[in-house]
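Have a look at the structure below, then the notes.
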Amino acid sequence: MTRFLSVTVLLAVLASSRLASAQSTGGDTGTGGGSLPNGATLQFQHLEVPELSDDKKSVEFKETESNSDQRLQSFSLAACNCAHANRNGGNVPPDNSPLSVGWFSYLVYQTALTNLHVQTRTFTGVNCTDSIQRPQQCRELTYAEVSDIDNDLNAKGGTRISYNLYDIINGLLHDNEACQPIEGGATIYTFVSTTNNPDTFDFQFQQNAGVAITDPTSSTATGVDTLPPTPPDANKIKANPSDQSINITWTAQTNRSTDIAYFQALCSDINGAVVRHKAANRRYVTTRSQCPATIGNLSPAELAPEALQPIPVPNADPGDATVTLDPNGAFAQLSEPYICGSTLSGTATSLKIDGLENGKQYQVILLTIDLHGNYAAQYFDHTITPTPVTDFWEDLHDDGSKTEGGLCLINETYGDDSGISNGLRAFRDDTLGATAAGRWLGRAYYASLGKLGALVHGSLALRIVAGVVLAPVVALALLWHALTLPGLFVLLVLGRLAWRHRHRLAPRVVRLAGAGAVVTALVLAPGRARADKYEPYWETDPLDERKASKGQPSNDSPDYDPQFDPALNSLPQNNDDAIAARDAALEPSEPHWVLGVRVGPYIPDIDKQLGKKLGPYAGPYQEAFGGYNLVPMIDFERVVWSGFGQVTAGITVGYLHKSAAAFADGSTPGDPHRPRVPGATNSFTLIPFAVMAGYRFTYLDDNYGIPLVPYVRGGIAYYPWWVTAPSGGFAEVCKGAGTEPDCDQNKALGASLGVQGAVGLAIRAESIEASAARSLRQSGLQHAGIYGELSIAQVDGFGSDKKLSVGDRTWFAGIDFEF
């Protein structure tokens with residue numbers, strides 16, 4: 001008996017020793033982690049999520065980018081609801097079955113052989129590493145276990161294991177309840193017992209569902225998110241009807257604001273019909289869209305997060321109807337074709353819905369969406385009716401203006417009905433129009449280069465310049481159209497071969513080209529020689545003999561000073577001649593360029609063109625946009641001659657932009673209480689551009705040190721302009737007596753030619769402080785200062801009543817640099 005007792009005690013001690021060892025490696029103590037024999041660990045690699053086919057009848061599992069919509073939406077509230085509907089009695093569905101929606105899989109890999117042939121045990125829930133709490137708080141996922149870790153997880157290169165998202169999120173404590181609201185962590189616990197003990201485990205591994213070890217380090221994926229974002233306060237959301245549009249505004253949310261990623265709007269008419277078919281890609285995900293085949297397995301309570309909350313419309317128009325949404329209708333169920341507006345900013349406080357019809361009632365739903373596609377849905381409790389407005393362009397023409405616009409770069413350059421223009425239209429319609437990429441190129445042209453037609457309209461000289469610049473592109477397009485893309489490629493290859501063998505094919509041409517280059521160099525050489533580059537004093541010091549001695553001072557020089565270090569120009573020098581040489585090098589040289597930046601008040605002469613004078617109603621521009629704007633301008637001039645002053649030639653360019661809410665349709669111009677329509681923004685943009693010649697009287701500063709430089713300049717002005725309507729495009733009016741929508745449109749896009757001049761005074765401020773002048777010239781600048789001028793611009797197409805008068809008489813002030 002004594003011997004038996006001793007053996008029992010020994011076994012107990014060994015068992016307790018083994019348990020202590022197991023706990024230290026991360027067993028049931030909750031320490032997290034642990035490694036198997038030989039340092040082996042489990043890795044959850046290559047996360048795959050389901051993608052439902054277009055016909056909603058099959059599923060394909062795919063590995064996706066960690067930040068992709070498909071990955072994130074597969075771990076959302078809607079995906080969890082679908083997982084509940086598709087639990088399939090705890091059995092993993094076939095990969096291609098619609099029941100797979102809500103499931104996901106990892107390739108689970110064991111990094112080394114352990115010489116163990118034991119099973120894994122998988123749990124999900126709360127405190128699953130605690131052996132006491134695990135039976136009461138955790139669910140075992142028997143379908144996610146393997147029987148032989150060495151064979152299944154290492155020898156085979158890993159095993160793909162599937163998991164049900166609902167099981168992972170709700171665990172045991174919330175079984176058969178609605179999906180729990182969580183953000184970030186939903187843990188999969190995998191345990192290993194080296195003795196196959198069902199209650200005590202030596203090793204445990206934790207994996208956050210929704211992320212994988214193979215995700216890139218730059219990934220921002222956080223795992224599971226089933227908590228919808230907090231929407232804006234319904235009492236602070238406004239819908240402002242405008243011309244063919246609705247502008248929704250709200251106050252930014254402060255509660256969990258970082259969880260908001262997008263806002264989208266859905267619209268229908270009063271009968272629930274689609275009004276703008278899928279104006280943007282869907283950023284939200286509904287349970288019905290994720291698993292339509294099994295949605296009937298869920299209770300109405302589980303679909304409660306998809307319920308819409310009303311937004312009150314105070315002081316609704318009497319003609320607008322009260323909105324009552326049918327919960328079984330496609331609109332209330334957020335069907336994708338109803339998307340009519342979108343903004344991809346979580347910090348946005350407005351969203352514009354355009355492309356609507358004036359006088360028609362619309363129902364509108366606003367969605368607040370997070371990155372995982374969870375959403376909060378709100379709807380306006382009354383219909384909203386877009387209403388006509390009177391924008392600035394319409395006001396201008398109602399007041400008698402005959403200004404016209406409507407420009408295209410190709411048409412303005414080569415003529416509207418020329419052979420080149422017609423050939424390019426055929427290239428656009430037949431060649432580019434045949435492919436999606438080609439159609440995109442066409443749209444990109446009209447959105448960018450096409451608008452530059454304003455720069456050449458009405459100017460023969462600019463048409464010639466544009467024709468020369470565009471010639472290579474036009475030739476390429478016409479050859480492409482005539483030869484097709486393969487033919488053009490062959491032609492380019494042949495041209496390249498001809499160029500490579502040009503010395504044999506055309507030696508005379510090459511010799512002529514070389515001779516031309518030599519002549520050009522000889523002609524340009526004097527000009528380049530005059531453009532002396534500034535050199536610091538240590539490069540021109542006549543006492544520095546380092547060049548003659550390969551960089552080393554020579555003791556043989558009678559002027560050698562061992563204490564003189566020309567690189568330390570900030571230190572006192574003992575050599576008077578060196579100081580004189582340095583000061584001589586710092587004397588100002590002739591500048592070659594003048595750069596100025598100025599700003600001043602500007603009011604285009606639009607109202608004066610109509611004969612308006614200052615008063616309560618000065619004209620359409622003042623009534624629409626108010627008074628002056630501070631306009632920035634840049635002057636860039638080349639000094640073409642220096643002698644008794646400077647003769648310059650250069651350009652000047654600026655930018656003016658004004659915006660305001662348009663007026664209510666039918667309102668009276670000049671009425672001091674003329675009503676505006678909130679959210680119906682129209683704007684006027686002007687690009688003042690001129691080619692200038694000038695004279696700068698630098699004699700006073702150059703000869704007497706008086707830092708004043710009077711100047712005068714003038715030249716040809718060409719000012720592009722455009723007016724944006726509340727609908728977002730260019731403002732339009734009908735030409736002649738036509739009526740919309742069948743009339744010939746006069747678009748508010750154009751440019752005006754004219755002249756402008758200025759008289760001003762520049763002050764070379766560096767002359768006030770000698771040390772500042774020295775530092776300035778060491779940096780390559782010769783002069784810097786301030787300047788002011790009086791400017792007169794007569795830019796009205798030389799008196800044409802079809803050109804907008806956009807000049808002004810004003811003043812500017814700024815800073816300039818000569819170098």
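In the working numbering, the protein residues as written are 1 to 819.
We put the beta carbon where it would ideally sit given N, CA and C, even for glycine.
Assigned secondary structure, Asp-816 (DSSP; H/G/I helix, E/B strand, else coil): Reading the sequence shown from its first residue, position 816 is the one you call residue 816. Asp-816 falls in the strand class under three-state DSSP.
Endpoints, beta strand (DSSP E) assigned at Ser-342: Taking the sequence shown and counting its residues from 1, one reaches residue 342 at position 342. For Ser-342, the enclosing beta strand (DSSP E) stretches over residues 339-343.
Whole-angstrom C-beta distance between Pro-632 and Tyr-655, which should lie under 8 Å: Residue mapping note: residue 655 aligns to position 655 of the sequence shown, counting from 1. Residue mapping note: residue 632 aligns to position 632 of the sequence shown, counting from 1. Pro-632 and Tyr-655 do touch by the CB rule: their CB atoms are close to 6 Å apart, below 8 Å.
Member of Ala-661, Asp-796 and Ala-765 whose CA lies at the smallest distance from the CA of Gly-750: To locate residue 750, count along the sequence shown from 1; it is residue 750. Taking only the C-alpha atoms, the option nearest Gly-750 is Asp-796.
DSSP-derived helix/strand/coil call for Ser-667: Taking the first residue of the sequence shown as position 1, residue 667 is located at position 667. Residue state, collapsed to three classes: coil.
8 Å contact criterion, which Leu-165 and Phe-75 should meet: CB distance rounded: Translated into the one-based positions of the sequence shown, residue 165 becomes position 165. Translated into the one-based positions of the sequence shown, residue 75 becomes position 75. Under the criterion of beta carbons closer than 8 Å, Leu-165 and Phe-75 qualify as touching, at roughly 7 Å.
Separation of Tyr-602 from Asp-808, as counted between CA atoms: Within the sequence shown, residue 808 is the residue found at index 808, counting from 1. Within the sequence shown, residue 602 is the residue found at index 602, counting from 1. Their backbone Cα atoms lie some 7 Å apart in a straight line.
Proximal residues to Arg-528 (C-beta, below 7 Å), its chain only, five neighbours per side dropped: Residue numbering aside, residue 528 sits at position 528 when the sequence shown is read from its first letter. Model confidence at Arg-528 stands at a pLDDT of 38, short of 50, so the residue's coordinates are unreliable and nothing is read from them.
Counted within 10 angstroms of its Cβ, other Cβ atoms place Ser-570 as buried (16 or more) or exposed: Translated into positions along the sequence shown, residue 570 becomes position 570. In this prediction, Ser-570 scores a pLDDT of 46, lower than 50, which makes its location untrustworthy; no coordinate-derived value is stated.
Anticipated Cβ contact below 8 Å, Thr-810 with Gly-600, distance rounded: Residue 810 sits at position 810 when you count from the first residue of the sequence shown. Residue 600 sits at position 600 when you count from the first residue of the sequence shown. Your pair Thr-810 and Gly-600 checks out as a contact, with CB atoms roughly 5 Å apart and the cut at 8 Å.
Alpha helix (DSSP H) segment containing Tyr-621, residue limits: The sequence position of residue 621 within the sequence shown is 621, counting from 1. From DSSP, the alpha helix (DSSP H) with Tyr-621 extends over 620-625.
Under 7 Å between C-beta atoms of Gln-180 and Glu-145: Against the sequence shown, residue 180 aligns to sequence position 180. Against the sequence shown, residue 145 aligns to sequence position 145. It is not a contact, given that the beta carbons lie outside the stated cut-off.
Residue range of the alpha helix (DSSP H) that includes Ile-369: The residue labelled residue 369 in the question sits at position 369 within the sequence shown. Segment 362-369 is the beta strand (DSSP E) holding Ile-369; no alpha helix (DSSP H) there.
Closest residue to Ile-188 among Ala-155, Pro-241 and Cys-128 (Cα-Cα distance): Here the question's residue 188 lines up with position 188 in the sequence shown. Considering only alpha carbons, the answer is Cys-128.
Spatial distance of Gln-794 from Gln-646 (CA atoms): On the sequence shown, position 794 is the one that residue 794 refers to. On the sequence shown, position 646 is the one that residue 646 refers to. When only Cα atoms are considered, Gln-794 and Gln-646 end up about 26 Å apart.
Ser-66 - partner residues in DSSP beta bridges: In the sequence shown, residue 66 corresponds to position 66, counting from 1. None, per the DSSP bridge assignment.
Cross-strand partners of Pro-327 (DSSP beta bridge): Locating residue 327 in the sequence shown gives position 327, where the first residue counts as 1. Answer is none; Pro-327 lacks a bridge partner.
Identified DSSP bridge partners for Leu-656: Here residue 656 refers to the residue found at position 656 when the sequence shown is read from its first residue. Residue pairing by DSSP puts Leu-656 in a beta bridge opposite Leu-686.
Residue span of the alpha helix (DSSP H) that contains Thr-322, given as start and end: Along the sequence shown, one-based indexing puts residue 322 at 322. Per DSSP, Thr-322 lies in no alpha helix (DSSP H) and is assigned neither H nor E.
Cutoff 6 Å; reference Gln-207; Cβ partners in own chain excluding five residues on either side: Counted from its first residue, the sequence shown places residue 207 at position 207. Shown here for Gln-207: same chain residues with a beta carbon closer than 6 Å to its own, the five before and five after excluded, namely Phe-44 and Ile-188 in chain order.
Neighbour-count burial assignment, Glu-177, 16 or more Cβ in a 10 Å radius: Looking up residue 177 in the sequence shown gives position 177. Around the beta carbon of Glu-177, a 10 Å sphere encloses fewer than 16 other beta carbons of the protein chains shown; the residue is thus reported as exposed.
First and last residue of the uninterrupted alpha helix (DSSP H) at Trp-393: Position 393 of the sequence shown, counting from 1, holds the residue named residue 393. Note, Trp-393: alpha helix (DSSP H), 392-398.
Segment contact flag, the segment 331-342 with the segment 352-363, C-beta cutoff 8 Å, min 3 pairs: Flag = yes, the segment 331-342 and the segment 352-363 touch.
Inter-residue spacing [alpha-carbon to alpha-carbon] between Phe-205 and Asn-88: Indexing the sequence shown from 1 puts residue 205 at position 205. Indexing the sequence shown from 1 puts residue 88 at position 88. Phe-205 and Asn-88: Cα-Cα distance of roughly 26 Å.
Span of the alpha helix (DSSP H) around Tyr-284: Numbered from its first residue, the sequence shown carries residue 284 at position 284. First-last for Tyr-284: undefined, no H or E at that position.
Inter-residue CB distance, Leu-153 and Tyr-106 (contact presumed, cutoff 8 Å): Translated into positions along the sequence shown, residue 153 becomes position 153. Translated into positions along the sequence shown, residue 106 becomes position 106. Going by Cβ atoms, the distance from Leu-153 to Tyr-106 rounds to 11 Å, so no, they are not a contact pair.
Run of the beta strand (DSSP E) containing Ala-784, from where it starts to where it stops: Translated into positions along the sequence shown, residue 784 becomes position 784. Annotation: the continuous beta strand (DSSP E) that includes Ala-784 extends over 783-795.
Val-640 and Ala-661 closer than 7 Å at C-beta: Counting from 1 along the sequence shown, the entry for residue 640 is found at position 640. Counting from 1 along the sequence shown, the entry for residue 661 is found at position 661. At a Cβ-Cβ threshold of 7 Å, Val-640 and Ala-661 do not count as neighbours.
Buried versus exposed call for Gly-184 [16 or more other C-beta atoms within 10 Å across all chains shown]: For the purposes of this step, residue 184 is taken as the residue at position 184 of the sequence shown. Answer is exposed; the Cβ neighbour count stays below 16.
Residues that DSSP places opposite Gly-596 in a beta bridge: The sequence position of residue 596 within the sequence shown is 596, counting from 1. Answer by DSSP bridge pairing, in chain order: Asp-635 and Asp-816.
Runs of beta strand (DSSP E) lying entirely within the segment 80-163, each at least 3 residues, in chain order: For the segment 80-163, the continuous beta strand (DSSP E) assignments of 3+ residues that do not extend past its boundaries occur at 103-110, 120-125 and 138-140, in sequence order.
Selected residue, minimal CA-CA separation from Phe-636, among Leu-630, Val-275 and Ile-651: Locating residue 636 in the sequence shown gives position 636, where the first residue counts as 1. Nearest of Leu-630, Val-275 and Ile-651 to Phe-636, Cα basis: Ile-651.
Per DSSP, the bridge partner or partners of Phe-798: The residue given as residue 798 occupies position 798 in the sequence shown. Within the DSSP secondary-structure output, Phe-798 pairs in no beta bridge.
Where Lys-352 falls: helix, strand or coil (DSSP): Here residue 352 is taken as the residue at index 352 of the sequence shown, counted from 1. In the structure shown, Lys-352 sits in a strand (DSSP, three-state: E or B).
Beta-carbon proximity check, Ala-212 vs Leu-47, cutoff 7 Å: Residue numbering aside, residue 212 sits at position 212 when the sequence shown is read from its first letter. Residue numbering aside, residue 47 sits at position 47 when the sequence shown is read from its first letter. In terms of Cβ geometry, Ala-212 and Leu-47 form a close pair [threshold 7 Å].
For Asp-233, the residue or residues it bridges with in DSSP: Numbered from its first residue, the sequence shown carries residue 233 at position 233. According to DSSP, which records beta bridges pairwise, Asp-233 is partnered with nothing at all.
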